[in-house]
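Trainee: My questions will all concern the structure given below.
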């Protein structure tokens, strides 16, 4: 279907069949691996380890608590974290709401401005303890937390496991990844943030423990690692400069063509959440500008 859509778009322009690979550079906006030399130091642990907005990025928590002291050391990080000088720590959280209370409100909030960037992606790993909430919701805001949009529900396969653990070991074998390029409101936004919150089991209307046979407890823990927000630098060039290189040319045209029919994201020049003829025409009518 996708190939047919591209062929029709190319045919409409009278272009020959083309085979290309188009990609835009991804920039790290903020990143945390928590591999501090002093894992009991709250300020150091919550400070971003990298990214163009490292100094502005923040991690906070609502209706729960951070924990840094694991009997005088840190809490072990994700199996996907290569570590830093032999250190691999994660961010531990606990003291979640009592059974039947505050579904969708308790958890971490990660605030990272996307000013000057678009096509935002979020990545992280999370570990469930046996008695933590089996179900988590991942949500994002574009208005500083006035409203939240739910984009993913996470479900533990078992307790005491990371999402990034292998499937054979009770995980999913990868980081949690969220592609938010379909929402243009996320782009170039100083108020962007995402959160991960505990929610009731949709089958029972109550919290369910991550480990089968265990009971949910407020002392259950959720641990995070490898939190990252990335994006593409927004174009400051002429209208129709999709890839931001200052010139409206074949590369921009091909980005629109190869994303033709998608619900926003890359190639959505006018940000109306659909890559269509309107985007194609913007590139065509500005073709050659800035070159």
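In my numbering, the protein residues as written are 2 to 292.
The beta-carbon is built from N, C-alpha and C at its ideal position, and this holds for glycine as well.
Alpha carbons only, please: which of 112, 245, 213, 52 is nearest the one belonging to residue 131?
Mentor: Comparing Cα positions, the closest option is 213.
Trainee: Measure the C-alpha to C-alpha separation of residue 244 and residue 264 and round it to an integer number of angstroms.
Mentor: Cα-Cα distance, rounded: 18 Å.
Trainee: Where residue 220 and residue 133 are concerned, what is the direct C-alpha to C-alpha distance, given to the nearest angstrom?
Mentor: Roughly 8 Å between the two C-alpha positions.
Trainee: Identify, in the order they occur along the chain, each residue of the same chain with its Cβ nearer than 6 Å to the Cβ of residue 248, setting aside the five sequence neighbours on each side.
Mentor: For residue 248, where only same-chain residues beyond five positions count, the Cβ hits under 6 Å are 291, 292.
Trainee: Kindly indicate the opening and closing residues of the alpha helix (DSSP H) around residue 257.
Mentor: Segment 251-259, the alpha helix (DSSP H) holding residue 257.
Trainee: Cβ atoms of residue 69 and residue 226: under 8 Å apart, would you say?
Mentor: No. Outside cutoff.
Trainee: Residue 149 and residue 156: beta carbons closer than 8 Å?
Mentor: No, the Cβ-Cβ distance between residue 149 and residue 156 is not below 8 Å.
Trainee: What residue does the beta strand (DSSP E) around residue 110 start on, and which one ends it?
Mentor: Here the beta strand (DSSP E) through residue 110 covers 108-112.
Trainee: Can the beta-carbon of residue 143 be found closer than 8 Å to that of residue 190?
Mentor: Yes, Cβ-Cβ distance for residue 143 and residue 190 is below 8 Å.
Trainee: Of all the alpha helix (DSSP H) runs that stay within the bounds of the stretch 179-267, which reach a length of 4 or more residues?
Mentor: The qualifying runs are 251-259.
Trainee: Cα-Cα, which of 207, 241, 37, 118 is closest to residue 287?
Mentor: Nearest C-alpha to residue 287: 241.
Trainee: Give the secondary structure of residue 275 by DSSP, where H, G and I count as helix, E and B as strand, and everything else as coil.
Mentor: In this structure, residue 275 counts as coil in the three-state DSSP scheme.
Trainee: Rounded C-beta distance between residue 108 and residue 197? I'm assuming under 8 Å.
Mentor: Going by Cβ atoms, the distance from residue 108 to residue 197 rounds to 5 Å, so yes, they are a contact pair.
Trainee: With a CB to CB cut of under 8 Å and the five nearest residues on each side skipped, what residues in its chain are close to residue 284?
Mentor: Closer than 8 Å at Cβ, skipping near neighbours: 241, 243, 249, 253, 254, 257, 270.
Trainee: What's the gap between the Cα of residue 124 and the Cα of residue 31?
Mentor: Residue 124 and residue 31: Cα-Cα distance of roughly 11 Å.
Trainee: Can you tell me which of the three DSSP states residue 154 falls into?
Mentor: Of the three classes helix, strand and coil, the one that applies to residue 154 here is strand, per DSSP.
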